[in-house]
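**Q**
2 protein chains.
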Amino acid sequence: MQIPETLQNAVDELSKLPGIGKKTAFRLALNILKSDDDKVKSLVLALEGLKSKLHLCKNCFNLSEDDECDICRSNKRDKSIICVVEEVSDVIAIEKTNEYSGTYHVLGGVLNPLMGVTPESLKINELMVRLNNITIKEVILALNPDTEGETTALYLAKRIKEMDIKVTRIARGLPIGGDLEFADEATVGRAVLGRIVI
Amino acid sequence: MQIPETLQNAVDELSKLPGIGKKTAFRLALNILKSDDDKVKSLVLALEGLKSKLHLCKNCFNLSEDDECDICRSNKRDKSIICVVEEVSDVIAIEKTNEYSGTYHVLGGVLNPLMGVTPESLKINELMVRLNNITIKEVILALNPDTEGETTALYLAKRIKEMDIKVTRIARGLPIGGDLEFADEATVGRAVLGRIVI
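Okay, here's the thing in structure tokens:
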């Protein structure tokens, strides 16, 4: 027996999603098949909405349903601090902590010349325009602590310092709840180098 | 910052799927958001197709794009043998083996009085009608070897034997590649009881 084409098609489409293999896709497809029409309709509408309703904020390139995102429009946020992140998901990760009340700038990736990602393919020029136009006290670089993230941070720091703006980056060290014994050498090494007075 | 409602909505809908938690749903939603319009469209169409194009075969309740499924319509299948299974996914599991050339009957579940699943809620009457109408040589019960599966198998065996039709069930024993030492007692016990002459 051939699996019905419609089912196979749904399995193929679902397994294109990240972390979803053929077996999981199959289980999802059979589950959707068994669900009520209403449930499937609301799933489909929600997925369509993602593409049709969400845009990037014209200012900081965060996700938004309008031209400008909630953070850029808010009066409660400190507009003189910009936190530079790689992706929209990083904005959400930082927002969840409730520790930051400035604004953001989403680069849309990190520099990776081998993969053809140059400063021009990221929102770096847009960041420079923002830094030129309004008075900025501090730029926080919150990029991932990997090779590409570090390279991008160094590149940005160099360009921003030329404009006489304070550049900081988020701390590296042992994660909260982590264990010195089991941490990798690079992390422990950075934690020692980055020690602070208490 | 509030996560945009459209995104939250998609995350909520995706996390209703089995095995998809909030974090995975979030990752999927962001991935869909980044995909091309075409890709999202084909995903959405494929999911809609599941509900709109697939029906249950009027005969055996397997999935089909037509009134009757491929297996019931095929001339190559032995119509005098019916293999009774719990779910559509079981049909696919057996078909993958290429060891069976008869037809199927999908019950749509197993008897479970505590959960309110009675013989009337399953496709048991439909099975009896099939057994009455055409000459059937053998009914194979391929239900899962758990309590509900066993109960359903016993119930079906009793009713089908009254009609003077041979009833068999698929073998239980050590799985291929399994290890006697590490198999559970119930499996080893059944394997000993079910030994065959070689």
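Going down the list, the protein sequences come from chains C and H.
Just so you know, we're using our numbering here: the first sequence kicks off at 1 and counts up by one.
Just so you know, we're using our numbering here: the second sequence kicks off at 199 and counts up by one.
By construction, the Cβ of each residue, glycine as well, lies at the ideal position given by its N, Cα and C atoms.
1) Along chain H, which residues have their Cβ under 8 Å away from the Cβ of C/N31?
2) According to the Cβ coordinates, are H/I322 and H/L339 closer than 8 Å?
3) Which of the three DSSP states is assigned to C/R172 in this structure?
4) Taking only the alpha-carbon atoms, compute the straight-line gap between H/S240 and C/E13 and give it to the nearest angstrom.
5) Could you name the residues of chain H that C/L209 contacts, counting a contact when the two beta carbons are closer than 8 Å?
6) Following the continuous alpha helix (DSSP H) through C/T118, name the residue where it begins and the one where it ends.
7) Out of H/S299, H/L352, H/R393, which has the shortest C-alpha to C-alpha gap to H/N342?
8) Does the separation of the CB atoms of H/L252 and C/P4 fall below 8 Å?
9) Going residue by residue through the region 29-112 of chain C, where are the continuous alpha helix (DSSP H) segments of at least 4 residues, counting only ones entirely within it?
10) Could you spell out the range, first to last residue, of the alpha helix (DSSP H) harbouring H/I322?
11) Would you say the beta carbon of H/S319 comes nearer than 7 Å to a heavy atom of the ligand SAM?
12) With 8 Å as the threshold, decide whether the Cβ of H/I279 is near any Cβ in chain C.
13) With a threshold of 8 Å between beta-carbons, can H/L245 be considered close to chain D, or not?
14) Does C/E99 get closer than 8 Å to chain H when you measure Cβ to Cβ?
15) If you count every other CB in all the chains shown that lies within 10 Å of the CB of C/S80, and 16 or more means buried, which is it?
16) I'd like to know whether the C-beta atoms of H/V308 and H/T366 end up nearer to each other than 8 Å.
17) Which of the three DSSP states, helix, strand or coil, is assigned to C/K23?
18) Taking H/S287 as the query, report the chain C residues whose CB atoms sit under 7 Å from its CB, ordered along the chain.
19) Taking only beta-carbon atoms, is C/I92 less than 8 Å away from chain H?
20) Please list the partners that H/V242 has in chain C, where partner means a Cβ-to-Cβ separation under 7 Å.
21) If you measure between the beta carbons of C/G49 and H/N207, is that distance less than 8 Å?
22) Closer than 7 Å, Cβ to any Cβ of chain C: which residues of the region 248-274 of chain H, in chain order?
23) Could you spell out the range, first to last residue, of the beta strand (DSSP E) harbouring C/V139?
24) I need the straight-line Cα distance from H/R328 to H/S299, nearest angstrom please.
25) Based on the DSSP secondary-structure assignment, which residues constitute the bridge partners of H/V365?
26) Verify the CB distance criterion: does C/E13 have a CB-CB separation below 8 Å to chain H?
**A** So, to answer that:
1) Correct list: L215, P216.
2) No, they are not a contact pair.
3) It is coil, neither helix nor strand.
4) In this structure, the straight-line span from the alpha carbon of H/S240 to that of C/E13 is close to 7 Å.
5) Only positions 1 to 198 of chain C appear in this structure, which leaves residue 209 of chain C out of reach.
6) Neither: C/T118 is in no alpha helix (DSSP H) and is coded neither H nor E.
7) Nearest to H/N342 by C-alpha distance, out of H/S299, H/L352, H/R393, is H/L352.
8) Yes.
9) DSSP runs (the alpha helix (DSSP H)) wholly in the region 29-112 of chain C: 37-53, 70-73, 88-97.
10) H/I322 -> alpha helix (DSSP H) spans 322-331.
11) Of the ligands one can find in the structure shown there are none, so the ligand SAM has no counterpart to examine.
12) For H/I279, the answer is no, since every Cβ of chain C falls outside 8 Å of its Cβ.
13) The structure shown contains no chain D; its protein chains are C and H.
14) Among the residues facing chain H, C/E99 is not included, as its CB has no counterpart in that chain under 8 Å away.
15) Looking at its Cβ environment, which holds fewer than 16 other Cβ atoms inside 10 Å, C/S80 is exposed.
16) Pairing H/V308 with H/T366 gives a Cβ-Cβ distance that is not under 8 Å.
17) The three-state secondary structure of C/K23, taken from DSSP, is helix.
18) Residues of chain C whose Cβ lies closer than 7 Å to the Cβ of H/S287 are, in chain order, L30.
19) Answer yes: the Cβ-Cβ gap between C/I92 and chain H drops below 8 Å somewhere.
20) Residues of chain C passing the Cβ test: V44, L47, E48.
21) Cβ atoms of C/G49 and H/N207: closer than 8 Å.
22) Of all residues in the region 248-274 of chain H, L248, K249, K251, L252, L261, S262, E263, D268, I269 have a Cβ within less than 7 Å of some Cβ in chain C.
23) Start and end: 138-141.
24) In this structure, the straight-line span from the alpha carbon of H/R328 to that of H/S299 is close to 18 Å.
25) Looking at the DSSP assignment, H/V365 forms a beta bridge with H/V337.
26) Output row for C/E13: interface = yes.
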